[in-house]
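Protein chains: 2
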Amino acid sequence: MTAEVASTDPRTGQVVETVAHEFTPAEVDARCRTAAAAAAALDAAGPAGRARMLRAMADELEADADAIVALADRESALGSSRLRGELARSSFQLRLFAGVLDDGGYLGVIIDHADPDAAPVPRPDLRRMLAPLGPVAVFGASNFPLAFSVPGGDTASALAAGCPVIVKAHPAHPATAQRCAQVLRAGAAAADISADVLASARPDPIPFYGELGSLNPVVVTAAAAAERADEIAAGLLASYTNGVGQFCTKPGLVFVPAGASGRRIRDGLASGTRDYNPTAMLAERIRDSYRAGADQRAMLPGVDVLAESAAPDGTGFLAPARLLGVPAHVLRDDAVRTTLFDECFGPLMVVVAYTDDAQLAELLAQLPGSLTASVHAGAGETPAAHLDVLRQRAGRIVWNGYPTGVAVTWATQHGGPYPSTTDSRSTSVGATAIERWLRPIAYQSTPDAMLPLALQEANPWRLPRRVDGVLEMP
Amino acid sequence: MTAEVASTDPRTGQVVETVAHEFTPAEVDARCRTAAAAAAALDAAGPAGRARMLRAMADELEADADAIVALADRESALGSSRLRGELARSSFQLRLFAGVLDDGGYLGVIIDHADPDAAPVPRPDLRRMLAPLGPVAVFGASNFPLAFSVPGGDTASALAAGCPVIVKAHPAHPATAQRCAQVLRAGAAAADISADVLASARPDPIPFYGELGSLNPVVVTAAAAAERADEIAAGLLASYTNGVGQFCTKPGLVFVPAGASGRRIRDGLASGTRDYNPTAMLAERIRDSYRAGADQRAMLPGVDVLAESAAPDGTGFLAPARLLGVPAHVLRDDAVRTTLFDECFGPLMVVVAYTDDAQLAELLAQLPGSLTASVHAGAGETPAAHLDVLRQRAGRIVWNGYPTGVAVTWATQHGGPYPSTTDSRSTSVGATAIERWLRPIAYQSTPDAMLPLALQEANPWRLPRRVDGVLEMP
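Chains as they are written, first to last, in the numbering used here: chain A, 1 to 474; chain B, 475 to 948.
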């Protein structure tokens, strides 16, 4: 017998129901084979058919929104307002990738006509496009039961690319995952595509690499602190406690000037932190890991606990927020700096007080790779040197803003340098997320009728293409 | 004391001179730090300055062509005609990437303007572009002393991207590597860019993954064999013995029909193979490894040696060509199939005789990933099913042609599915080779003056960009 999968309510810590059972390796293997066999159906549908499928999935998701949100709230304690937003984002993402398919630019079509007079040697007809990589395994995230789980951006971009998807549901929300899978499969069927393009599984069939932790540093210049101390304190407080600090873009470290205006930011943050209401984290293991990380950091030499919210009673997986403070010079100690420059997942932020720009620059140069880096500057101020260092260490630069709240657009970049992601060349959010699932293929001297439609001379799909070295619009 | 590096003549097997010495880890480290520090100079030069540098490097390479070709021939035995072609290809590649920089499309600029009315949530101004990854280590190839070594496509594309390059010279041609490094560094200096953007080193400082071996299967349909047996035999002979079989695109396996016209192809190949003149391979280790692989395959049960060229005398690193034959049904044996479906680097080809399309399809479905797959079809024939299988297993489909001779163009794709390359999403040949060295970075709500030029609203570099979801030409 394999283990049953329990659906637990984080607000009470109690098991509400059991949802099916963990799959055996043989069951996972069978699901993967079924999904792989469905690749032909995705290919045959073409970009237009897959766009129809994604839109049908978005429709089904919205039609079942009430039930999905209720289930996800019971399993995650994230609240129905946040989860309604996540569902809206998920259906938006499905439709965004339908738009990416309508556009066709993602195929990266490049055509070089044969040229017998080419230097240094004659060249054959060569046509290049991106082709789907094959079945994609998506591992659901604990902290996004919808937008980075079964109906999330990974699933949407992989299906758009033409890759069947096998989702490994996160154990913190198995019932939500199961219901979402049923809904998406209904969407595929509604678009006359095999529901097997989406399979769900429960154990880990292969090693998994991905996002490893992100500090998301924030720099507040002296001018910005002097101009907007209260506004910045309020913004940082909201960003670091948002969703109980359970975002990969949570600001974990903020540099503020050591003087009076920096102190005003620290005081504002401390006061807000003390007033914070303990809220349930996603799962017991995550809460325990947060507690251990927060305690380890508080006990470092030279680190002060600036504020802590009221201790929660023993119910469920509640966690208090904690604000730490440290003078910049203490970070010269390698052990202290290494620990404070490492992500602590949950509602914790470290405030570093720097005395001058040279000291700040020295610390910025030692920051690890992050998903984001934010700069708050004074009116008209142009801290180009700080920006130059930060762009080496982040995938997204945020100006006078806060890193949480990732827009889902064409220009979004979510991946950053190691250790924030294992491949800084990829993004899991935004239209270019589709590029992770594609590989180039070139056809040499092949008759037009034998070419994929995307590469045929007449451009039946009206794609933007590079022809003989020149980018052409349809 | 560290080991000296010997420059050996493969035609005689004798050491001609010693070239400097193997670098110690500390020396490699110092070179890497110097190269990393030169990144700022490449960035400051911008695409226009880097294009000037690449063109100056091409000029210097051509000005020193006679001396470089003489050295490379002495160290590789590839012949001055082939090496002159390789030098022309190398300078062409440097200029191709200058053109890629002129074009600017490689930056992949995407701009989404702020939209307070966006659904499901308001969106900030977001601008995305590709940024250089940082210093790139290039490992010179044994079989391309110029085009995949110091002045090769990896160096050209990495420098174009803005990444300093550290080349680990191949021990088979250290003197060529040293001279080419001097020439390219002179090119950088001529364009007023630090010569430190190109460093050379000798030992292996880090593990290296890359191209692991490619079978490059060729399918000859019954109709093609009936129409063009002699032409196909001559083409395959030239392709598999080209450069002593020392190309990653060498056709290692060809499927021919079992009847009379297939036999005519086999006989033509056998006759040509017997007439082949033994030629020196690049290095002793490569020759020994070829001999062992060829003998292992010849001794497999059911495999016939169809022809072998005259045995070489004991001079230098000469190797005979060998043609093997096997009926398709023998490949049902897992051990035989696994060995014959594995690359044997050198002048060896396996001819598989198939009795019908079903038997051929069964074998095609078992092929490993390759850089290329070629199909020879009869006039008007459309073997779509074969093409559908082969495109899953190759990075480049060649129609009625031979896989050796890779055109350097925009549409070229050289990487293929595993095991032919470790990352099928990349290419080491052609304009898109630059994409390996870039990662995306996004700027959110950042004032125009603080943005990189590539992302500024006025588009000062006149780049093709995607703005608010729509691809725009400058």
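Positions of the beta carbon are idealized from the N, C-alpha and C atoms, including for glycine.
Between the C-alpha atoms of residue 509 of chain B and residue 760 of chain B there is a straight-line separation of about 32 Å.
Three or more pairs of CB atoms, one per stretch, sit closer than 8 Å, so the stretch 923 to 932 of chain B contacts the stretch 591 to 604 of chain B. DSSP places residue 126 of chain A in the uninterrupted beta strand (DSSP E) bounded by 126 to 132.
Three or more Cβ pairs closer than 8 Å define a contact, and the stretch 169 to 184 of chain A meets that threshold against the stretch 18 to 35 of chain A. In the DSSP assignment, residue 45 of chain A falls within the alpha helix (DSSP H) that extends over 39 to 63.
With a threshold of 8 Å between beta carbons, residue 886 of chain B makes contact with chain A.
Within the model, the alpha-carbon separation for residue 765 of chain B versus residue 788 of chain B is close to 14 Å. Residue 276 of chain A: not part of any beta strand (DSSP E); DSSP gives it neither H nor E. Across the set B:722, B:590, B:933, the C-alpha of B:722 shows the shortest separation from the C-alpha of residue 889 of chain B.
In the DSSP assignment, residue 250 of chain A is bridged to no other residue. DSSP places residue 98 of chain A in the helix class (H, G or I) of the three-state scheme. When 8 Å is used as the limit between beta carbons, residue 598 of chain B is near these residues of chain A: 401, 407, in chain order. With a threshold of 8 Å between beta carbons, residue 398 of chain A makes contact with chain B.
Contact annotation for residue 145 of chain A against chain B: no contact, minimum CB-CB distance about 17 Å [criterion: below 8 Å]. Around residue 614 of chain B, no beta-carbon contact reaches into chain A at under 7 Å, the shortest distance being about 21 Å.
Within chain B, the residues whose beta carbon sits less than 8 Å from that of residue 450 of chain A are 856, 858, 861, 873, listed in sequence order.
Counting the other Cβ atoms within 10 Å of the Cβ of residue 751 of chain B gives fewer than 16, which makes it exposed. Scanning the stretch 316 to 404 of chain A from its first residue to its last, the whole beta strand (DSSP E) runs of 3-plus residues come out as 322 to 327, 348 to 354, 370 to 376, 394 to 399. B:573 is the residue among B:547, B:557, B:702, B:573 whose C-alpha sits nearest the C-alpha of residue 529 of chain B. Within the stretch 598 to 656 of chain B, the runs of beta strand (DSSP E) at least 3 residues long that lie entirely inside it are, in chain order, 600 to 606, 610 to 613, 639 to 642.
Contact note: residue 918 of chain B reaches chain A through 396, 397, 398, 399, 401, using a C-beta cutoff of 7 Å and chain order. Under the 8 Å criterion on CB atoms, residue 759 of chain B is classed as non-interfacial with respect to chain A.
Under a criterion of Cβ atoms nearer than 9 Å, the residues of chain A adjacent to residue 906 of chain B are, in order, 108, 110, 128, 440.
Between the stretch 138 to 151 of chain A and the stretch 34 to 48 of chain A there are fewer than three inter-stretch CB-CB distances shorter than 8 Å, so the stretches are not counted as touching. Proximity to residue 614 of chain B across B:934, B:652, B:587, B:598 peaks at B:652, based on C-alpha coordinates. Close to residue 471 of chain A, with beta-carbon spacing below 7 Å, are these residues of chain B in chain order: 579, 938, 947. Between residue 149 of chain A and chain B, the shortest Cβ-Cβ separation is not below 8 Å.
The beta-carbon of residue 34 of chain A is placed no less than 8 Å from the nearest beta-carbon of chain B. Look at residue 686 of chain B here: in three-state DSSP terms it is coil, with no helix or strand label. Shown here, residue 706 of chain B sits in a helix according to DSSP, grouped into three states.
In this structure residue 103 of chain A is buried. Its beta-carbon is surrounded by 16 or more other beta-carbon atoms within 10 angstroms.
A straight line joining the alpha-carbon of residue 870 of chain B with that of residue 847 of chain B spans about 6 Å. Excluding the 5 residues flanking it on each side, residue 279 of chain A has same chain C-beta neighbours closer than 6 Å at 244, in chain order. From the beta-carbon of residue 559 of chain B, the residues of chain A found nearer than 9 Å are 120, 121. Sequence-distant partners of residue 360 of chain A (beyond 5 residues in either direction) whose C-beta falls short of 8 Å from its own C-beta, in its chain, are 219, 255, 328, 354, 386. Put simply, of A:297, A:340, A:275 the residue whose alpha carbon is nearest the alpha carbon of residue 312 of chain A is A:275.
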